[in-house]
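Q: Under mature numbering (1 follows the signal peptide of the UniProt record, and there is no 0), residues -24 to -1, 1 to 318 are what the sequence shown spells out, in order.
Questions regarding the structure given below will be posed in turn.
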Amino acid sequence: MNKSVYYSPLFLILSSLMVCSIDAHSSHNDSPADPSADFLTVHMDKEHHIQGFDLESAFHLHDLNSDNILEASEILKLYGVDHETAIDQSLSVDHHNSIASRILSEVMEKLDLNQDGLITKSEFVSVVSRDGLPKFDDISGLGHHYDEEGEYFLHHEEMFHNSPDSQKEEAYIHPEDIEHFTHHEEIEVKEDELARIAQGLPADVNTLEYRKMREEHAQLEQERERRVDAVRAQAAKYNSIHLEAQRRGSWNGFKKPVDQADRLRKNIPYKPLYLWSATQYPNINYAYTGQCQQLKNNSQVLKTEQQPSLSDQHDHTITDEGQVDQALGPDEGISCDWGQSS
């Protein structure tokens, strides 16, 4: 008697990824991903050893809570912004926070088609299949997921110590090897010192070494913790705005939005000035501050002879700062504080 067998969607996804991984792993070093490829292609190859993959599986692999949505925190995880590798290569907490903000903003702008603050599977597949996932070549240390042991094995030992000769003790002479095993020694010293304290034993050489290590790394660890907190705060801020937009429900009426949560609500009839203007005035810098969009062009306001019209929807021409509100109309006008371009 035939019996039907039910396989859960998660089982099928993991199975397909395993097959792709096994097939790709055998030829990983022979045909690596093109460095000029989009971020996802390179990331799946270098970090997951998967070269043949479908976008749905890649989406579910990074949908950490399996809710079929990529939230801000999951996007930052995909890019490895909160991983120690990226944290150690940023200059400061403020610098790392700006990196997280930039990545989140650019990815959301490209993939969040309905501007609801989330990336659905259909949005992910639609955009990435056409344009790929945004790359940030000027930012170092992105895309990592695993702990120190996993990263060392994946990105060094598997590539340079994969034969009997290269696994001999004298072969582990690369800078990555020295750094890795030095850290191992530090961990052993720390464990010995903690055991000594627990047993009430007197201080020894390890005690002095442990105290020296702790002093050297204290400032670094504090800085690292601040950067991690900054990344989490960035994701939490974005998520809180989205939750508030959901709580308010769909937009109803023709009043202008008053804050960021309003602009994320569904059916919003207003398109931010900097979005539709960028296609008509590509040489202008559009800076968003608070509830005001400022048009800046090297501290010069658009003149009549430079641009004949603000848009197809308005027959006004910008000749000074005050006319922006007039050009937008009484319902869409925004009172702007005009300042110097930075």
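Where a beta carbon is used, it is the ideal one built from N, C-alpha and C, also for glycine.
The structure displayed is predicted, hence computed values, not measured ones.
Opposite residue 95 in the DSSP bridges: which residues?
A: Residue 95 is bridged to 46.
Q: Short check: CB of residue 104 to CB of residue 203, under 9 Å?
A: No.
Q: Which residue from 81, 60, 116 and 90 puts its Cα closest to that of residue 205?
A: Measuring from the Cα of residue 205, the nearest candidate turns out to be 60.
Q: Kindly indicate which residue of 102, 47, 52 and 236 has the alpha-carbon position closest to the one of residue 30.
A: Measuring from the Cα of residue 30, the nearest candidate turns out to be 102.
Q: At the level of alpha carbons, what is the spacing between residue 208 and residue 36?
A: Each residue's alpha carbon lies about 22 Å from the other.
Q: If we ignore side chains and look at the alpha-carbon of each, how far apart do residue 21 and residue 112 end up?
A: Cα to Cα, the separation comes out at about 17 Å.
Q: Assign residue 93 to buried or exposed, taking buried as 16 or more other Cβ atoms, counted over all protein chains shown, within 10 Å of its Cβ.
A: When all chains shown are included, residue 93 counts as buried.
Q: With respect to the alpha helix (DSSP H) encompassing residue 22, which residues constitute its N-terminal and C-terminal limits?
A: Start and end: 15 to 24.
Q: Closer than 7 Å by C-beta to residue 110: which residues in its own chain qualify, once you throw out the five before and the five after it? Chain order, please.
A: Contacts found: 15, 82, 83 and 86.
Q: Please determine if the region 36 to 45 and the region 166 to 175 are in contact, where contact requires at least 3 C-beta pairs separated by less than 8 Å.
A: Not touching, per the Cβ criterion.
Q: Kindly list the residues whose CB is nearer than 6 Å to the CB of residue 222, restricted to its own chain and excluding five residues on each side of it in sequence; keep chain order.
A: None.
Q: Compute the distance between the beta-carbons of residue 137 and residue 23, then report whether it is under 9 Å.
A: It is not a contact, given that the beta carbons lie outside the stated cut-off.
Q: Quick check on the burial criterion: 16 or more other C-beta atoms within 10 angstroms. Buried or exposed for residue 56?
A: With 16 or more Cβ atoms within 10 Å of its Cβ, residue 56 is classed as buried.
Q: If you count every other CB in all the chains shown that lies within 10 Å of the CB of residue 73, and 16 or more means buried, which is it?
A: Buried is the call here.
Q: I think residue 76 touches residue 52, with their Cβ atoms under 8 Å apart; what is that distance to the nearest whole Å?
A: Correct: roughly 6 Å between the Cβ atoms.
Q: Quick one: Cα of residue -3 to Cα of residue 42, how far?
A: Per-residue confidence for residue -3 stands at a pLDDT of 37, beneath the threshold of 50, marking its modelled position as unreliable; no derived number is given.
Q: Under a three-way DSSP split, which group does residue 74 fall into?
A: In this structure, residue 74 counts as helix in the three-state DSSP scheme.
Q: What's the gap between the Cα of residue 144 and the Cα of residue 151?
A: The straight-line gap from Cα to Cα measures roughly 16 Å.
Q: In this structure, does DSSP put residue 86 in helix, strand or coil?
A: DSSP places residue 86 in helix when its eight states are reduced to three.
Q: Check whether the Cβ atoms of residue 66 and residue 117 sit closer than 9 Å, and answer yes or no.
A: Yes, they are a contact pair.
Q: Under a Cβ-count criterion, where at least 16 other Cβ atoms within 10 Å of its own Cβ denotes burial, should residue 355 be classed as buried or exposed?
A: This structure leaves residue 355 out entirely; the chain is present only between -24 and 318.
Q: Using 10 angstroms around the beta-carbon of residue 71, count the other beta-carbons present and answer buried if the total reaches 16, otherwise exposed.
A: It is exposed - the Cβ of residue 71 has fewer than 16 other Cβ atoms within 10 Å.
Q: Can you list, in chain order, the residues of its chain with a C-beta nearer than 6 Å to that of residue 114? Leave out the 5 residues immediately preceding and following it.
A: Counting only Cβ-Cβ distances below 6 Å, and skipping sequence neighbours, we find nothing.
Q: Which of the three DSSP states is assigned to residue 141 in this structure?
A: Helix, per DSSP.
Q: If I follow the unbroken alpha helix (DSSP H) through residue 321, where does it start and stop?
A: Summary: the structure shown does not reach residue 321, with the chain confined to residues -24 through 318, and so no result is reported for it.
Q: Quick check on residue 223: does DSSP put it in helix, strand or coil?
A: Residue state, collapsed to three classes: helix.
Q: Closest to residue 216 by CA distance: which of 227, 90 and 237 is it?
A: Residue 216 has its Cα closest to that of 237, out of 227, 90 and 237.
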